[in-house]
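Enquirer: Quick note: the sequence shown uses full-length UniProt numbering, first residue 1, plus one each step. Dropping the structure in here first, questions after.
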Amino acid sequence: MHSICFFLLSALPCLFVAHAIPKELGKGKSLCGQTSHMKLKTRALLMIPACLAIALCCEVCHAKQIGLLILDSDTLIVSQAVQEADLPKGTTASFFTREMLEGSQKSLSSFLGSDVMVVDVMDTRLVEYLEKNVDISKKRIYAVRGSNTNEQLQKRGYIFDDEIREFYHHMSDKNVRNLILRVAHLEFDRFILYEKVEILPVLGLYHPDASAPFSDPDSYLAWYRNRPGFQPNAPFVAVMGLSRLMGKDQISQVDYVIRRLEQAGFSTVMAFGWDPEVLKKLMKDRSGRPYMDIILAFSLKFQSALDKSVAANLRDLNVPIFNLLNLQFSTISNWKKDPAGIPPLEVGWAIANPELSGLIEPSVVSGKEKQVNEETRQTIYLHKTIEENLELIIPRVKKWVQLQRKPNDQKKVVILFYNHSPGKQNIGAGYLNVFASLEQIMARLRKEGYTVGSRDDLTSETLKELVLRSGRNIGNWAPGELDDMLRNESIVRLPVETYRTWFAALPEDFRKAVLEQWGEVEKSDMMTRNGEFIIPGIMLGNVMLMPEPSRGWSDDPEKLYHSPTLYPHHQYNAAYLWMKHIFEADAMIHLGTHATHEWLPGKQAGLSTSCPPDVLITDIPNIYPYLVDAVGEGIQAKRRGRGVIVDYLIPPVKEGGLYQEYSKLSDIISQYNVSVGSGAQTSAAKLEEIMDMIRKLGIDKDLSLVTIGEEQIEQVERYLAEVRENFMPYGLHTFGVSPVGEALSETVRFILKMHPERDGQDVSKRLAESGEKELNRFIAGLNGRYVPPGQGNDPFRTPDAIPTGKNFYGFDPTKIPSKAAYKFGVKAAEDIIERALK
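Rendered as structure tokens:
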């Protein structure tokens with residue numbers, strides 16, 4: 001446009017001169033004069049091409065570029081839009097990702113030369129990168145999508161044009177193409193034309209065989225039930241996702257999931273849109289009843305049950321919700337190679353945040369892969385399903401639905417208790433009276449109609465006697481004890497050859513590591529006799545009580561439990577595989593804090609099918625009673641052990657001494673474990689805070705610690721567990737039983753001393769409700785139902801952690817910033833100021 005204007009401005013005087021010359025010279029009649037004026041006119045006209053040449057030269061010199069800084073997951077659609085955008089000569093559009101800019105100086109120079117920039121501000125990393133490399137005061141920058149920093153970005157000069165943002169919100173190659181044209185229209189040439197936004201469906205029910213999405217469940221169900229082959233008794237799976245999944249670059253993975261679920265015998269639908277709207281409008285039929293048995297959620301990552309309406313809708317649906325992960329910050333190839341699995345930033349929003357809503361079983365089922373565009377040679381990303389991971393969760397979905405439908409008297413349940421090192425005295429769990437808890441659990445199971453064998457009540461003493469006789473791990477140094485145990489009929493004898501067949505079907509990477517560390521199957525000597533693996537346990541009808549297998553024998557067995565490199569030995573594997581193949585368990589219960597299964601090697605988060613925890617849990621749902629203040633370790637059980645937490649109270653406490661300080665230190669260690677597990681940047685600050693408190697309380701002297709670091713944390717945790725028991729004169733907690741009498745009143749008094757603003761009657765009511773809620777939610781899990789989420793922590797420090805019986809979470813955004821986060825923020829601000837001054 002600028003060159004055309006220049007041409008017109010230059011050429012018009014020439015035309016004027018050419019037109020005016022004859023009039024002036026026509027007044028004279030001399031032939032010589034006429035010849036002169038004709039020469040002048042010709043010269044004026046000849047100047048026009050010169051003007052045009054200058055204009056075209058200016059056009060080349062003033063070429064304009066629009067640079068789009070986008071998420072790599074959007075590259076397929078944006079690249080097509082850039083290629084199709086019909087821009088005038090001299091105006092170009094290019095897209096860039098952070099990876100492109102960091103990996104190529106040429107790409108960075110090209111982007112920095114853009115006259116106008118369009119930036120996806122939803123990803124704060126793009127904003128940070130932009131402001132680090134670009135003087136934003138000298139650029140025109142349009143923002144698309146958004147975040148909670150929109151207002152600040154506007155103040156810094158980012159342009160939030162509603163129409164441009166609407167183009168990107170309804171992402172398609174056509175809409176992004178018109179976004180580019182609108183930017184060119186606004187910035188370069190008002191004669192550049194663009195079409196209006198094509199509004200795409202943002203809320204609806206989708207199936208690949210339907211001609212268009214449905215707006216309400218009844219219409220969809222009527223259509224679906226009339227399809228050929230519909231099975232009225234088939235379990236119904238609702239897949240949830242944001243409308244972005246409906247884009248042509250991602251819809252193929254949605255189609256694949258729906259088709260595969262239907263092949264597996266499910267009825268299904270894809271409910272897409274903004275989570276609160278989906279839950280409110282698309283998950284119940286006209287009568288108000290949920291039509292699905294289970295939900296697989298690609299969404300519920302940003303909107304959580306901290307929103308009261310979301311929480312209410314999730315409770316009303318009362319179905320398990322699997323957390324499906326579509327990799328955003330890593331490619332499928334990188335995820336497979338990365339021992340951490342999912343990058344820390346993605347863990348925060350894709351795993352930790354959904355835990356606030358009670359989502360379970362985080363499972364990576366899709367992601368993106370690099371591909372080079374043959375025409376442009378630019379890198380784009382294609383979205384794909386990780387088929388083997390989807391195959392792993394489909395049987396688990398079936399088992400959860402089976403818990404809803406199978407009569408209780410036919411359900412088979414394994415209850416695993418923690419035999420933390422071989423021996424009679426080492427049966428227990430974190431602050432839990434295991435045998436009294438088993439008495440409560442078995443009585444409730446009988447009441448619910450489960451087949452528990454004995455008609456008589458199973459007292460804690462009876463259960464203890466049975467466990468000590470037949471339910472212990474026995475080390476190689478005590479062969480006589482193993483022989484005595486073998487005289488009991490309930491002991492499982494598994495032929496090594498049977499195990500060998502199962503073992504051969506396990507993932508190759510897993511088998512290779514086990515064989516390297518433990519040798520060939522026939523050479524295994526742990527809990528074996530006469531060519532058979534010995535699996536201790538007590539069979540009570542359809543309920544099997546058994547110790548979790550030991551990770552191995554050593555002088556320091558507790559170090560083995562958390563070892564990130566020690567693979568499970570053959571007898572350990574045999575016990576878990578027996579639960580599936582022989583016992584055919586409908587559910588397993590890991591009773592109390594904590595098991596060893598979730599600490600097996602493998603990725604930290606976002607496990608693969610060859611990671612030991614996923615290999616051994618097979619398809620069995622895992623209900624996990626867990627100490628309410630052991631959040632740091634509990635999230636390992638949720639994220640790596642597929643555990644559905646039902647938290648239980650710490651024992652009643654009597655005020656005295658340094659309990660508050662010990663509790664605070666325990667809480668900070670728990671936060672540290674959470675931050676390390678998620679890769680949070682506050683980990684170092686929390687470790688420093690822990691070391692300060694250890695010195696302040698003199699724990700370093702009590703334990704004769706020469707140095708205090710990460711390796712000593714576990715030793716300090718054991719010390720704190722022993723010391724805190726001195727403040728618990730009323731004994732350990734019994735699962736399903738609330739404190740009463742003096743134990744209740746002393747506990748309330750202590751909480752009120754630490755939180756004088758709380759109402760005493762409310763605190764007392766919360767404690768009194770805890771026992772019943774623990775058992776009720778435990779049964780809800782065994783019924784294949786939703787276990788509501790809630791905050792975990794020591795109730796003396798966080799009264800909102802009661803009542804118990806929750807699927808606790810480890811991060812509450814309403815309680816931030818923490819002291820460590822505040823210190824980290826201060827340091828980050830100081831670094832920014834220092835860089836600016838330089």
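Even glycine gets a Cβ: it sits at the ideal position worked out from N, Cα and C.
#1: Check L69 in the structure and name its three-state DSSP category.
#2: Between P201 and the ligand GTP, is there a pair consisting of the residue's CB and a ligand heavy atom that are separated by less than 7 angstroms?
#3: What's the C-alpha gap between Q761 and G792?
#4: Can you check which of these residues, A429, P536, E522, is closest to residue 853 by C-alpha distance?
#5: Use the C-beta contact count for residue 890: other C-beta atoms within 10 angstroms, 16 or more gives buried, fewer gives exposed.
#6: Assuming D173 and P235 form a contact by the criterion Cβ under 8 angstroms, report the distance between their Cβ atoms to the nearest whole angstrom.
#7: Pick out whichever of S738, A297, Y194 has its Cα sitting closest to the Cα of S243.
#8: Which same chain residues end up closer than 8 angstroms to I751 when comparing Cβ atoms and leaving out the 5 residues on each side of it in sequence?
#9: CB K765 to CB G805, shorter than 8 angstroms?
#10: Restricting to Cα atoms, I'd like to know which of L356, Q83, Y206, G810 is closest to F627.
#11: For L458, which residues of its own chain have a beta-carbon under 8 angstroms away from its beta-carbon, when the five flanking residues on both sides are left out?
#12: Have a look at Q402, Y168, A212, E598 and flag the residue whose alpha-carbon is nearest the alpha-carbon of V197.
#13: Measure the beta-carbon distance from H570 to V521 and round it to whole angstroms, keeping in mind my assumption that it falls under 8 angstroms.
#14: Using DSSP bridges, identify the partner residues of I342.
#15: Based on Cα-Cα distance, which residue from A684, N488, E151, P549 lies nearest to Y576?
#16: Opposite G643 in the DSSP bridges: which residues?
#17: Using a Cβ-Cβ cut-off of 8 angstroms (strictly less than) and excluding sequence neighbours within five positions of M754, which residues of its own chain qualify?
#18: Could you check whether the Cβ of G453 sits closer than 8 angstroms to any Cβ belonging to chain B?
#19: Tell me, to the nearest whole angstrom, how far the beta carbon of I66 is from that of V144; I am working on the premise that it is less than 8 angstroms.
#20: Which value, in whole angstroms, describes the spacing of the CA atoms of C61 and D115?
#21: Quick check on I713: does DSSP put it in helix, strand or coil?
#22: Along the chain, where does the beta strand (DSSP E) containing Q328 start, and where does it finish?
#23: Between D409 and the rest of its own chain, which residues show a CB-CB distance below 7 angstroms, the 5 nearest in sequence each way excluded?
#24: Report the rounded CA-to-CA distance for D86 versus A222, giving the unit in angstroms.
#25: Going by CA-CA distance only, name the one from L445, F417, Q303, A780 that's closest to F435.
#26: Considering Cα atoms alone, identify which of A768, E481, H383, S770 is closest to D249.
#27: Could you tell me whether the region 357-374 touches the region 318-336, where touching means 3 or more Cβ pairs closer than 8 angstroms?
#28: Given P354, which residues of its chain have a CB within under 7 angstroms of its CB, disregarding the five upstream and five downstream residues?
#29: What does the alpha-carbon distance come out to for the pair V119 and P788?
#30: Which residue comes first and which comes last in the alpha helix (DSSP H) that contains F188?
#31: Per the contact definition of three or more C-beta pairs closer than 8 angstroms, is the region 275-285 in contact with the region 328-345?
#32: Going by beta carbon distance, what residues of the same chain come within less than 8 angstroms of V372, once the five residues before and after it are set aside?
#33: Tell me, which residues are paired with I295 by DSSP?
#34: Measuring CB to CB, does F272 end up less than 8 angstroms from L306?
#35: So, under 8 angstroms CB-CB, E690 and Y662 are touching, yes? Tell me the CB distance rounded to an integer number of Å.
#36: Using the Cα positions of R511 and V237, report the straight-line distance between them to the nearest angstrom.
Expert: Here's the rundown:
#1: strand
#2: No copy of the ligand GTP appears in this structure; indeed no ligand is present at all.
#3: Rounded to whole angstroms, Q761 and G792 show a C-alpha spacing of 21 angstroms.
#4: Residue 853 cannot be examined here, being either before or after the span of the chain that is shown, 1 to 838.
#5: Nothing in the structure corresponds to residue 890, since the chain is present only between 1 and 838.
#6: Rounded, the Cβ-Cβ distance is 37 angstroms, inconsistent with contact.
#7: A297
#8: R758, V763, P795, F796, P799
#9: No, these two residues do not count as a Cβ contact at 8 angstroms.
#10: The sequence as given places Leu at residue 627; Phe does not occur at that position. Closest option to L627, judged by alpha-carbon separation, among L356, Q83, Y206, G810: G810.
#11: L438, E439, M442, A443, V452, L540
#12: Y168
#13: 6 angstroms between Cβ atoms; contact.
#14: BP columns for I342 are empty, so no partner.
#15: Ranking the options by Cα distance to Y576, first place goes to P549.
#16: N622
#17: Q660, F796, R797
#18: Protein chains in the displayed structure number just one, and chain B is not present.
#19: Contact doesn't hold; Cβ gap of about 12 angstroms is too wide.
#20: Reliability fails at C61, whose pLDDT of 48 lies under 50, so the model's placement of it is uncertain and the value that follows must be treated cautiously. A direct Cα-Cα distance of roughly 13 angstroms separates C61 from D115.
#21: Reduced to three states, the DSSP call for I713 is helix.
#22: 321-331
#23: Here the set comprises G449, Y450, T451.
#24: 44 angstroms
#25: From the listed residues L445, F417, Q303, A780, the smallest Cα separation to F435 is found for F417.
#26: H383
#27: Flag = yes, the region 357-374 and the region 318-336 touch.
#28: L300, K301, N323
#29: 38 angstroms
#30: First-last for F188: undefined, no H or E at that position.
#31: no
#32: Q378, T379, I380
#33: A238, I321
#34: No.
#35: For the sequence presented, residue 690 should be read as Ile rather than Glu. With 8 angstroms as the limit, I690 and Y662 do not qualify as a contact, their Cβ atoms being about 13 angstroms apart.
#36: Each residue's alpha carbon lies about 33 angstroms from the other.
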